[in-house]
Amino acid sequence: MSAAMEVVGVATAQRTGKMAKGVAVHIEGVTKVYETRQGDEILALERTDLTIEPSEFVAVVGPSGCGKSTLLGLIAGLIPATSGRILLDGAEVTRPHPQTGVVFQSDLLLQWRTVTENILLPIEIKRRHTADYLPRVEQLLEQVGLQGFDSKYPTELSGGMRQRVAICRALVQQPGLLLMDEPFGALDALTREQMIMDLQAMWLSAGNTVLFITHGIEEAIFLADRVIVMSPRPGRVDLSLKIDIERPRRWKDHIDPRFVDYVAQVRKIFEAKGVLTER
Amino acid sequence: MATRQSKARPRILRSVLENGASTALAAVLLIAWQVAVPLLGISEFVLPTPWAIIARIWNDFALLMQHAYVTGLEVVFGFGIAVLVGVPTGLTIFYSRLFEKAVYPLLVALQTIPKVVLAPLLVLYLGYDWAPKIFLAFLISFFPIVISTVVGLQTLEKAMVDLLRSMGATEMQTFFKLRLPTALPSIFGGFKVAISLAVIGAVIGEYVAAQRGLGYLQLQASSQFDTTLSFAAVVVISAMGVLMFSAVSFVESKVVFQREEAK
Chain A
2 MSAAMEVVGV
12 ATAQRTGKMA
22 KGVAVHIEGV
32 TKVYETRQGD
42 EILALERTDL
52 TIEPSEFVAV
62 VGPSGCGKST
72 LLGLIAGLIP
82 ATSGRILLDG
92 AEVTRPHPQT
102 GVVFQSDLLL
112 QWRTVTENIL
122 LPIEIKRRHT
132 ADYLPRVEQL
142 LEQVGLQGFD
152 SKYPTELSGG
162 MRQRVAICRA
172 LVQQPGLLLM
182 DEPFGALDAL
192 TREQMIMDLQ
202 AMWLSAGNTV
212 LFITHGIEEA
222 IFLADRVIVM
232 SPRPGRVDLS
242 LKIDIERPRR
252 WKDHIDPRFV
262 DYVAQVRKIF
272 EAKGVLTER
Chain B
18 MATRQSKARP
28 RILRSVLENG
38 ASTALAAVLL
48 IAWQVAVPLL
58 GISEFVLPTP
68 WAIIARIWND
78 FALLMQHAYV
88 TGLEVVFGFG
98 IAVLVGVPTG
108 LTIFYSRLFE
118 KAVYPLLVAL
128 QTIPKVVLAP
138 LLVLYLGYDW
148 APKIFLAFLI
158 SFFPIVISTV
168 VGLQTLEKAM
178 VDLLRSMGAT
188 EMQTFFKLRL
198 PTALPSIFGG
208 FKVAISLAVI
218 GAVIGEYVAA
228 QRGLGYLQLQ
238 ASSQFDTTLS
248 FAAVVVISAM
258 GVLMFSAVSF
268 VESKVVFQRE
278 EAK
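Pasting the structure below:
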C-alpha cells in the first residue's frame with residue numbers, strides 16, 4: 002500500500018516554473034485514536050502513508066467517518082497523531098506550520114470585521130504590517146470577483162461570497178500548503194460550480210500544494226492531480242488515482258471518457274466497501 | 018406611480034402609529050389619573066396627582082438632587098466593583114476547570130439567597146455609611162455579570178478557535194481577537210441587567226439604615242405622610258435607573274459591533 006501511495010505527482014512537471022512555492026507533505030504510518038468520554042477508543046485513522054509532491058493538488062474523497070477530516074487536522078497541526086509522523090518540507094509537524102493556510106466548511110468570518118480586515122487576520126496574528134498586504138488583498142479580491150467589496154461586512158455577503166473571502170484569507174500570506182476541508186459543501190450547486198472553476202484558476206497561478214477534502218467524487222476528479230479514496234472504520238487509504246487530464250480543465254471534461262472512467266473506478270471502491278449500494 | 022404612493026401612505030401612517038402608540042397610551046393614563054383623583058375625592062395623602070408630583074419635583078429639585086447624588090454614587094461604585102470583580106471571575110471560571118468546579122456551584126447556591134434580606138446584616142457589619150449600600154449594590158449585580166461573561170465565552174464555535182490556531186495564534190491573541198469580541202454582546206446584556214439591579218440594591222440599603230440617599234428621603238417622606246415627596250422620589254429613582262441603563266447602552270453601542278442586516 003505504501004509503495005502505491007508514493008506515486009509522483011506528474012502533473013507537477015506540467016507546470017514548470019511555478020512549482021517552487023509548494024510544500025512537500027510526507028505522512029508516515031500515521032495512526033489516530035480518539036478516546037471518548039466513556040473511555041472507549043475510536044480508531045479514526047490507521048497506519049496511513051501518503052506523500053504529496055510540492056505544488057501537487059491532491060483531493061481526498063470518502064464518506065463521513067473515513068478519517069479525512071482527521072487527516073487534515075493532523076497535517077494542519079491542530080491535533081496530535083497517536084503514532085507515526087507528518088513532515089512538511091522535511092520538518093515534523095508538532096504545531097500549526099506557518100506555511101499552511103486552512104479553509105473550513107463554513108466560512109468562519111468574524112462578523113465585526115470588514116472583508117479586508119478578515120482577510121488580514123493571519124497577517125495580524127503573525128504580527129506583520131497589515132498595510133504591506135493591502136495590494137495583495139486587492140489582488141485576491143479581484144481574482145475571486147469581489148473587487149469593491151473590501152469594506153463590506155460578512156452579513157452583507159451571500160454564502161458563496163463569504164466562502165470566497167475565507168479562501169482569500171487562507172491565501173493572503175501565500176501559503177506553500179493550502180488545506181481545504183469540504184470548502185464547498187455548504188454552497189448551492191451553481192455557486193459550487195463557479196467556485197471549482199475559480200479555485201482551479203487560482204491554484205494554477207499560485208502554484209502551491211493543495212490538500213482538498215470532499216464528499217464529491219466528480220469535484221475531486223475535476224480539481225485534482227491525484228485523488229485519494231478513503232473508506233471508514235477504520236479510516237484508511239484504499240486507492241490513489243492519478244488524474245491524467247490536461248490543464249486548465251474545462252467543465253465539459255466531465256463527459257470526457259477518461260473522466261467517466263475515473264468516476265467509475267472511485268465508485269467501484271465505494272460499492273465494494275458498502276459505502277454505495279445500488280438496489 | 019399612483020399605486021406606489023397609495024401603498025406608501027398607509028405604511029408611513031402605520032409607522033407613526035406604532036412609534037407614537039406607547040407615548041399616547043402613557044399620556045392617556047396620566048390624564049386619566051390627573052382627572053380621576055379630584056373627581057373621586059381621593060386625598061393627596063393617599064394619591065397625589067401627576068401634576069402635583071411634577072410641581073413638587075420642581076420645587077424640591079435641589080433636595081432631590083442632593084439625595085440622588087448619594088444614591089447615584091452608591092450605584093456607580095457598587096456596579097463598578099461588580100464589573101471589576103465579576104468579569105475576571107467569569108474569565109477564571111471559563112479558563113480553569115478546577116476554579117469552575119470549586120466556585121461555580123457555590124456562586125449558584127449563594128445566588129438563591131435574596132440579597133435584600135442581607136441588608137440588615139450588612140448594616141450590622143459595615144455600619145450606617147456608604148459601605149453597606151455599595152456592598153449590596155455590588156452583591157446584587159455581581160452574579161448576572163459573572164454568568165453573562167461565562168455564557169458569552171462559551172458560545173464560541175470550536176471551529177473558530179481551530180481557525181485561529183491554524184494561523185499560529187497564541188491564547189492571548191485568540192482571546193482578544195476572537196473570544197472577547199464574541200462574548201461582548203452577552204457581557205453587555207449582563208451589564209444591563211446588573212445596572213438595573215444595582216439601583217434596587219442601593220435603595221434597599223438606604224431603606225434599612227441611612228442618613229442620605231433617595232431611599233432614605235422616601236422613607237422619611239412616608240413616615241411624615243408626605244406622599245407627594247415619596248412619589249417624587251420614586252420618579253427620580255426611576256429616572257436614575259433609565260439614565261444608568263442608557264449610559265451602559267451607550268458604551269455598548271461604542272464597543273460592541275452592531276449586527277448589520279443584509280440588504
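First to last, the sequence lines map onto chains A and B. Its first residue numbered 2, the first sequence is counted upward by one per residue in our numbering. Its first residue numbered 18, the second sequence is counted upward by one per residue in our numbering. Each residue gets a CB set at the ideal place from its N, CA and C atoms; glycine is no exception.
Could you spell out the range, first to last residue, of the alpha helix (DSSP H) harbouring residue i?
i, result
"B:E299", "An answer regarding residue 299 of chain B cannot be provided, because it is not within the stretch 18 to 280 covered by chain B."
"B:G232", "L231 to S240"
"A:F223", "I218 to L224"
"A:D254", "No alpha helix (DSSP H) holds A:D254; DSSP gives it neither H nor E."
"A:T101", "Premise fails: A:T101 lies in the beta strand (DSSP E), T101 to V104, not in any alpha helix (DSSP H)."
"B:D179", "K175 to S183"
"A:D151", "Unbroken run through A:D151: none, as it is neither H nor E."
"B:V265", "T244 to V272"
Flag residue i as yes if its beta-carbon sits less than 8 Å from any beta-carbon of chain E, otherwise no.
i, result
"B:M184", "Absent from the structure: chain E. Protein chains present are A and B."
Please list, in chain order, all residues of the same chain as residue i whose beta carbon is under 6 Å from its beta carbon, the five residues on each side excluded.
i, result
"B:F62", "F242 and T244"
"A:V104", "A167, I168, A171, M181 and P184"
"B:E91", "K150, I151, A154 and A219"
"A:K22", "G177, G208 and N209"
"B:A227", "Y233"
"A:G68", "A45, L46 and G236"
"A:L212", "V59 and L180"
"A:V276", "P64"
"B:S203", "S165, V168 and G169"
"B:I221", "V133 and A136"
"A:A14", "Confidence is the limiting factor: at A:A14 the pLDDT is only 39, short of 50, which leaves the residue's position unreliable, though a coordinate-based value still follows. Once the five neighbours on either side are set aside, A:A14 has no close Cβ partner at all."
Could you compute how far the alpha carbon of residue i sits from the alpha carbon of residue j?
i, j, result
"B:L47", "B:A41", "10 Å"
"B:R114", "B:Q171", "13 Å"
"B:I254", "B:L231", "7 Å"
"A:A207", "B:N36", "56 Å"
"B:R196", "A:T156", "19 Å"
"B:M18", "B:V33", "Only weak support exists for where B:M18 lies, its pLDDT of 45 falling under 50; the value from the coordinates is given anyway. Going from the Cα of B:M18 to the Cα of B:V33 covers about 23 Å."
"A:D108", "A:L75", "20 Å"
"B:L135", "B:L123", "17 Å"
"B:D146", "B:Y121", "31 Å"
"A:H130", "B:E188", "21 Å"
"B:E269", "A:D245", "58 Å"
"B:H9", "A:L158", "Only positions 18 to 280 of chain B appear in the structure, and residue 9 of chain B is not among them; the question remains open."
"B:P27", "B:A38", "16 Å"
"B:I98", "B:L236", "27 Å"
"B:V252", "B:A126", "34 Å"
"A:A202", "B:I29", "50 Å"
"A:K274", "A:F260", "22 Å"
"A:L205", "B:F205", "47 Å"
"B:T109", "A:D41", "31 Å"
"B:P55", "B:L81", "26 Å"
"A:P258", "A:A265", "11 Å"
"B:Q275", "B:L57", "50 Å"
"B:T129", "B:I157", "11 Å"
"B:A53", "B:V45", "12 Å"
"A:V24", "B:K194", "29 Å"
Locate the beta strand (DSSP E) running through residue i, then write down its first and last residues.
i, result
"A:T215", "T210 to T215"
"A:A60", "F58 to V62"
"A:G85", "S84 to L89"
"A:S232", "R227 to S232"
"A:L242", "R237 to K243"
In chain order, what residues of the same chain have a beta carbon less than 7 Å from the beta carbon of residue i, not counting five sequence neighbours either side?
i, result
"A:T215", "A60, V62, E183 and A221"
"A:T117", "V138, D151 and S152"
"A:Q106", "D182, E183, P184, G186 and A187"
Leaving aside the five residues before and after residue i along the sequence, list all residues of the same chain whose C-beta is less than 8 Å from its C-beta, in chain order.
i, result
"A:G85", "I28, E29, G30, V31, T32, R48 and T49"
"A:I197", "F185, E220, F223 and L224"
"B:W68", "Q51"
"A:I43", "V34, Y35, E36 and T37"
Original post:
Below 8 Å, can you find three or more Cβ-Cβ pairs linking the stretch 169-184 of chain B to the stretch 120-127 of chain A?
Top reply: yes
Original post:
Does the stretch 22-34 of chain A touch the stretch 42-62 of chain A, meaning 3 or more C-beta pairs lie closer than 8 Å?
Top reply: yes
Subject >> Stretch pair the stretch 160-170 of chain B + the stretch 198-216 of chain B: three plus CB contacts closer than 8 Å >> reply: yes
**OP:** Scan the stretch 16-48 of chain A and note each continuous alpha helix (DSSP H) run of 4 residues or more that stays entirely inside, going in chain order.
**Re:** none
**OP:** Would you check if the stretch 79-98 of chain B and the stretch 250-265 of chain B touch, i.e. whether three or more CB-CB distances between them fall below 8 Å?
**Re:** yes
Original post:
Any chance the stretch 226-243 of chain A sits against the stretch 262-272 of chain A, with 3 or more Cβ pairs inside 8 Å?
Top reply: With the rule of 3 Cβ pairs closer than 8 Å, the stretch 226-243 of chain A counts as touching the stretch 262-272 of chain A.
Original post:
Mind pulling the alpha helix (DSSP H) runs of 4 or more residues that sit fully within the stretch 124-181 of chain B?
Top reply: For the stretch 124-181 of chain B, the full-length alpha helix (DSSP H) segments reaching 4 residues or more read 136-143 and 147-171 along the chain.
Subject >> beta strand (DSSP E) runs wholly inside the stretch 155-210 of chain A, at least 3 long, in chain order >> reply: 178-182
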